[in-house]
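Visitor:
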Amino acid sequence: MRDLASRLPSSPGFWRSPLRGPRFTAVLGLVLLVGITVLFVTGLLSYAAYNPDLDPVNDKTPDKGLLGFYLFAWPTGPDWLYRLTQGVHVTLGLTLIPVLLAKLWSVVPRLFSLPPARSLAHALERISLLLLVGGALFTFLTGVLNIQLDYVFPGSFYPLHFYGAWVFFAAFVAHAALKVPVALRNLRAMREERDDLVSPRPDPPTVSRRGALWLVGGGSLLMFVTNAGRSFDGPLRETAVLSPHGGPEPGNGPNGFQINKTAAYAGIDPAETSEDAWRLVVTGRTGTVRLGRAELRRLEQHSAALPIACVEGWSTSDQWWRGVRLRDLAALVGFEDDPPDVFVESLQRRGAFRSGALRANQVADPRSLLALDVNGEALSPDHGYPARIIVPAAPGVLNTKWVARLTFGDL
Ligand SMILES: Nc1nc2c(c(=O)[nH]1)N[C@H]1C(S)=C(S)[C@@H](COP(=O)(O)O)O[C@H]1N2
Ligand SMILES: [Mo]
262 MRDLASRLPS
272 SPGFWRSPLR
282 GPRFTAVLGL
292 VLLVGITVLF
302 VTGLLSYAAY
312 NPDLDPVNDK
322 TPDKGLLGFY
332 LFAWPTGPDW
342 LYRLTQGVHV
352 TLGLTLIPVL
362 LAKLWSVVPR
372 LFSLPPARSL
382 AHALERISLL
392 LLVGGALFTF
402 LTGVLNIQLD
412 YVFPGSFYPL
422 HFYGAWVFFA
432 AFVAHAALKV
442 PVALRNLRAM
452 REERDDLVSP
462 RPDPPTVSRR
472 GALWLVGGGS
482 LLMFVTNAGR
492 SFDGPLRETA
502 VLSPHGGPEP
512 GNGPNGFQIN
522 KTAAYAGIDP
532 AETSEDAWRL
542 VVTGRTGTVR
552 LGRAELRRLE
562 QHSAALPIAC
572 VEGWSTSDQW
582 WRGVRLRDLA
592 ALVGFEDDPP
602 DVFVESLQRR
612 GAFRSGALRA
622 NQVADPRSLL
632 ALDVNGEALS
642 PDHGYPARII
652 VPAAPGVLNT
662 KWVARLTFGD
672 L
């Protein structure tokens, strides 16, 4: 019976790696302390950038309650703002995966230790660990799945990742409050103290602790260099071999840059987008106007160099967009000097991104366009022909393609 017990994972003797120990765990823990804090902050920013408090269509988590306490009007500058915050969020998340897995491996004996609870405090601590480990795995998993081209997960990504992240971060804060002092003490100690992480009968080492840390760091470096390039164009993007929207550009010429959903995927019927058929419907204070592409061309044309930056972490460098200012369209329907919010709808009939709401500060920015051209050529069908929205610093999802209708007014 005793022999059997020593062969179960709940027995300290079961875990034989000589690498486990408080210092190894402390190093990984301190890296995660910094990294996950940055992940959480950039994640909160990403959520604010969606304008979730503006209109229900933007908000995939309508039951968030107090969790939206910090929402603010996302600024329109610098125009690379979302490119930066979301690029950091996704690339850092991927880079931390080896560290997270190594950290879990380093403390795995504790997850099995018996009895399950020695006291009420101990029971609470173990429940918080369950939330911590479960929340971490869940949030990282949903994040990784969402940046793949086809999101395969039961349930919508947004609420899962949003609520998962809050549970994870709450447990993370509690854990850090308890453990950071311990980690610092372990790192400062001259010799390793006796600790339940140290195997009572270790196997002979095959790699030093230092070597194991290098291995984890090497794994992170590999994740970084095979993903980070998708935030840039040209040769750098080609290095992002592990990322969707990494590798070579999808096409050549002015419209050759990255495409999220193609016109065919979105079910855009070419018959609806022809010069004869398509009319933009603009509604506001003074009524409704309908404008074809030729009429939009006769309005004052403006250019802006702006990137596309997707929530999935990839982005393009600046493209030269040309078209009509959103604030000029607002003026056409009675908002001469006080552009309000706008609700944008696409020709697309199904799918989560067929409509979106932009805030007054975004409409007012002179670089916010209903674009007709890009890089000196008419938009291609896949980039939103006949017309698309482009707003500085906004997440890609708010840059609605194949626009059919703009409704100005406070939302
Ligand atoms: N109608 C419509 N507009 C859309 C989308 C969509 O699926 N449907 N995708 C959005 C997303 S998620 C991004 S990142 C950008 C990508 O623009 P691009 O394909 O021109 O690069 O378009 C946005 N506009
Ligand atoms: Mo996107």
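Quick note on the working numbering: the sequence shown kicks off at 262 and runs consecutively.
Glycine included, each C-beta is placed from N, C-alpha and C at the ideal position.
All of these numbers come straight from a predicted model, not from anything done at the bench.
1. If we ignore side chains and look at the alpha-carbon of each, how far apart do Leu622 and Asp314 end up?
2. Whose C-alpha, out of Pro359, Ala426 and Val405, is nearest the C-alpha of Gly304?
3. Can you tell me whether Asp579 is helix, strand or coil according to DSSP?
4. Just list the residues that DSSP pairs Glu561 with in beta bridges.
5. For Asp340 and Arg371, I'd like the C-alpha separation in whole angstroms.
6. Please tell me whether Leu587 and Leu560 are closer than 8 Å, where the distance is taken between their beta carbons.
7. From Asp671 to Val594, what does the alpha carbon distance come to, in whole angstroms?
8. Tell me the rounded alpha-carbon separation between Lys440 and Ala432.
9. Among the residues of its own chain, which have a CB less than 6 Å from the CB of Thr523, if the five just before and after it don't count?
10. Measure the alpha-carbon distance for Asn513 versus Pro283 and round it to whole angstroms.
11. Ligand 2 and Asn521: does any heavy atom of the ligand fall closer than 7 Å to the residue's C-beta?
12. Is the stretch 549 to 558 close to the stretch 473 to 490, with three or more CB pairs under 8 Å?
13. Compute the beta-carbon to beta-carbon distance between Thr549 and Val543, rounded to the nearest angstrom, for a pair I have assumed lies under 8 Å.
14. Quickly, what does DSSP pair Arg649 with across the bridge? List them, please.
15. Return the CA-CA distance between Glu597 and Asn636, expressed in angstroms with no decimal places.
16. According to the Cβ coordinates, are Leu392 and Val428 closer than 8 Å?
17. Rank Arg452, Gly528, Asn447 and Trp575 by C-alpha distance to the C-alpha of Glu499 and give the top, closest one.
18. So what does DSSP say about Arg610, is it helix, strand or coil?
19. In terms of residues, what are the limits of the beta strand (DSSP E) holding Thr523?
20. Can you tell me which of Val664, Leu567, Arg452 and Tyr646 puts its alpha carbon nearest to the alpha carbon of Glu606?
21. Would you say the beta carbon of Gly304 is closer than 7 Å to some non-hydrogen atom of ligand 2?
Guide: Reading off the structure:
1. Note that residue 622 is Asn in the sequence shown here, rather than Leu. Going by the C-alpha atoms only, they are around 14 Å apart.
2. Ala426
3. coil
4. In the DSSP output, where bridge partners are listed per residue, Glu561 has none listed.
5. 47 Å
6. no
7. 14 Å
8. 12 Å
9. Asp643
10. 54 Å
11. yes
12. no
13. 7 Å
14. Ala632
15. 29 Å
16. yes
17. Trp575
18. coil
19. Element bounds for Thr523: n/a, residue is neither H nor E.
20. Val664
21. no
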